[in-house]
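A.B. asks: Residue 90 in this note's numbering sits at position 33 of the sequence shown, and the numbers go up by one each step.
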Amino acid sequence: MSQYVMVYIGGDTPKTPEEGKKHFADYMQWIQSLGDAAVSPMNPLKGTVTVNPDGSVSQGGSSQMSGYTIVEAESMEAALEMAKTCPFLTINGQLEVSERIEMPS
């Protein structure tokens, strides 16, 4: 089985604490529904800093990436089916799905 990385892009911020709690509960239910396929389920990111080619450093990033999840699936199609049920999509977020390539050590 291969591993696939689902990268969270964009998405709306909940308007109220109640909306935030509802979305988080829906997300946790989705993660649980993945079962053992969720290899690394919750990896939020914050405080992005960019190192530029000249070695300078700037605050922020060039993408709206906010986190990622790693799943195991039989195929890209199977990973995409998992992604299509993610509640992140209900808050206008997008998921980029990529196969993770195992590098030799």
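Each residue gets a CB set at the ideal place from its N, CA and C atoms; glycine is no exception. Since we're looking at a predicted model, the values are computed, not measured.
Does the Cβ-Cβ distance between S123 and L102 come in under 7 Å?
C.D. replies: Yes, the pair counts as a contact, with Cβ atoms nearer than the cut-off.
A.B. asks: Inspect the CB distances between the segment 66-83 and the segment 105-119 and report whether three or more fall short of 8 Å.
C.D. replies: No, the segment 66-83 is not in contact with the segment 105-119.
A.B. asks: Looking only at C-alpha atoms, which of M58, I88, G67, T107 sits nearest to T126?
C.D. replies: Nearest C-alpha to T126: I88.
A.B. asks: Do you know offhand how far A82's Cα is from E159's?
C.D. replies: Distance between the alpha carbons of A82 and E159 is about 32 Å.
A.B. asks: Less than 7 Å between C-beta atoms, sequence neighbours within five positions excluded: which residues of the same chain meet that for T142?
C.D. replies: W87.
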